[in-house]
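Since the structure comes first, as structure tokens, the remarks are kept for the end.
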Amino acid sequence: NRSFSRFLAEFPEDPRAAEVHNKRAEAHLSLGDYTSALKDFENALALNPAPTHAAFALQGSARVLRQEKNFEGMIDRFRRILSEFQDLPVDTIANSNYWVGWGYYKLAKYSEAPPYLRKARELVPEFYNQPVGDLLILSSFNSRNKIALHTALQEVYARTPAKKVPKNMLSWLGVQMFHDGQTEESADYLKRATNWENPKATELGVWRILSKAQNRSGRFSAAQKTSLLLLEQKQEVRWQADAYLDLAESRLGLKLYPEALDAVAKGLAINAPGPHVAGLHIVGGEVALLQGRWLGALEEFRVAIPTVPDDPLLQPRALHGVYLAAKNYGNKTLANKYQGKLTSSFPNWKPTLKIDSE
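Counted the way our numbering counts, the sequence shown spans residues 1185 to 1542.
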């Protein structure tokens, strides 16, 4: 440091002054003197030095500003590096992009971070895959951006299928996707979010949505397993009855009709009010249709219809069920009536239940 200081005192106009300021700044950094280091980097920049020395001073001062948690100043330095210099090494460009993205994340400017982070990963994937993936996940979750979080997770899982992600992030995304009708993705994320070895470590609400997502995405064996696990947990009686509905739905999908009816009977025996009651009657009615018991099916569906008039999932199933039962029983008037109700109230609904007589 003394030799650097002596040189600068004696030859302040020397063309090598900027380089000497940079070297003295590095010496200060090695001693942990960030204030003096930053001052030397600033002095080097004030001399309008050659591009190599200017870029060095910008990088060095950015490191100091990061250490001092002056993230806005740090971002400014790295962005200057990216905009003011040509023919930079790829590693320098990637590093600058990474720290700009990291800085925006630290400033909670989550929407501004991804382009820089992705650029860093694109340029030097072997170094930035993991840290960039983590920051993209965190940024997306903190901004509660469902689409961005889904994209970030898919990118990470494509590279590291066993990547561990905080379960609260996975459960949040799984619930959001379930409510948006993306049941396959929901089931995937919620499965990762649950703890099968210690079920009580996962909120019951997550287990419930997982079982429904599995049913609605056609994963009936998995849904049956989840439903049976739910039924082993201590919970309010209405949720116990709802779990029997999930179990009945899964067994219907597996064509285990006697077992499905057993789950229906147990769910109804709990006598807890709620939309699950209509669901249980609908499953009972659909089993009756598949077994050719037309009058039994009619009775089940007509119990369900008035209790869930606006439910976009249950009501059209019940209306369609009455139509099928009445048609096969030979009551064309009743069949046409309920087919008309179904078409007018739910014009875009598509049935999934098929019976041999159709």
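The C-beta atom is built at its ideal place from N, Cα and C for all residues, glycine as well.
Item, Value
"Measure the alpha-carbon distance for glutamine 1408 versus arginine 1392 and round it to whole angstroms.", "12 Å"
"Following the continuous alpha helix (DSSP H) through threonine 1335, name the residue where it begins and the one where it ends.", "1330-1343"
"Any idea what DSSP makes of asparagine 1515, helix, strand or coil?", "coil"
"Run through DSSP, which three-state label would lysine 1293 get?", "coil"
"Mark glutamate 1470 as exposed unless 16 or more other C-beta atoms lie within 10 angstroms of its C-beta, in which case mark it buried.", "buried"
"Would serine 1411 pass as an interface residue toward chain D - the criterion being a Cβ-Cβ separation below 8 Å?", "No chain D appears in this structure, which consists of one protein chain only."
"Would alanine 1355 and valine 1308 be called neighbours here (beta carbons separated by less than 8 Å)?", "The residue you asked about is not alanine; residue 1355 is serine in the sequence shown. Their beta carbons are not under 8 Å apart, which means serine 1355 does not touch valine 1308 by this criterion."
"So, with DSSP's three-state summary, where would you put lysine 1223?", "helix"
"Suppose contacts are defined by Cβ-Cβ distances below 8 Å. Is leucine 1231 in contact with alanine 1221 by that definition?", "no"
"Please go through the same chain and pick out, in chain order, the residues whose beta-carbon is closer than 8 Å to the beta-carbon of glutamate 1339, but skip the five residues on each side of it.", "Gly1317, Leu1320"
"Out of Asp1540, Met1353, Pro1500, which one is the CA nearest neighbour of threonine 1527?", "Pro1500"
"Need the endpoints of the alpha helix (DSSP H) that proline 1442 sits in, please.", "1441-1453"
"I'd like the span of the alpha helix (DSSP H) that includes serine 1411, first residue to last.", "1404-1415"
"Among Gln1243, Asn1254, Asn1382, which one has its Cα closest to the Cα of arginine 1263?", "Gln1243"
"Buried or exposed: which applies to histidine 1363, given that a residue is buried once 16 or more other Cβ atoms fall within 10 Å of its Cβ?", "exposed"
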